Amino acid sequence: MDEPTYLGGTDLAMNPVEVLLSALGGCLTISAAAFAPACNVRLLDFSVEVEGDLDLDGFLGKNPEVRKGFSHIRYRMYIKSDAPAGSVEKLVKMIEKNCPVSDTLKGVSISGDYQLEGVE
Numbered sequence: 257m258d259e260p261t262y263l264g265g266t267d268l269a270m271n272p273v274e275v276l277l278s279a280l281g282g283c284l285t286i287s288a289a290a291f292a293p294a295c296n297v298r299l300l301d302f303s304v305e306v307e308g309d310l311d312l313d314g315f316l317g318k319n320p321e322v323r324k325g326f327s328h329i330r331y332r333m334y335i336k337s338d339a340p341a342g343s344v345e346k347l348v349k350m351i352e353k354n355c356p357v358s359d360t361l362k363g364v365s366i367s368g369d370y371q372l373e374g375v376e
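The sequence shown begins at 257 in the numbering used here and counts up by one.
Here's what the structure looks like:
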């Protein structure tokens, strides 16, 4: 992982929030492949675009009122199939209901700790 140069990185790889969006897109895609047979949908092509709204003023401490993470995440699934529209709609509902990453982003309690490894 990396960060843009203006945040001290080299901008050669995705940053953590881009990885998060990528994880959502990947999970939606895998869910589509997993549930398509149960919905009698043959996927001829499937892709997803994911984007989110992130105000860096929160992360950088410039504005304590601004959320540090995404304020909104949007995705659009592009589905090519010869299945009836009703079957595709059933598939979309199954994807949205069962995608683990989407479920996680909807709200989960996060806790953590640390272990100090001293240098002698």
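Beta carbons: idealized from backbone N, C-alpha and C, even for Gly. Treat the numbers as computed from the prediction; the structure is a model and nothing was measured.
Span of the beta strand (DSSP E) around residue i
i    : result
G308 : 299-309
Local conformation of residue i per DSSP, three classes
i    : result
M270 : coil
D359 : helix
P260 : coil
G281 : helix
A289 : helix
V364 : coil
V275 : helix
Span of the alpha helix (DSSP H), counted from its first residue to its last, around residue i
i    : result
I351 : 341-354
D313 : 312-315
Local Cβ density within 10 Å of residue i, reported as buried at 16 or more and exposed below that
i    : result
A270 : According to the sequence shown, residue 270 is Met rather than Ala. Burial call: exposed.
V297 : buried
S278 : exposed
M200 : As displayed, the chain neither begins before 257 nor continues past 376, which places residue 200 out of reach and without an answer.
S287 : buried
V275 : exposed
L347 : buried
Within the stretch 318-342, ranges of the beta strand (DSSP E) (whole runs, at least 3 residues)
Within the stretch 318-342, the beta strand (DSSP E) runs of at least 3 residues that lie entirely inside it are, in chain order, 328-337.
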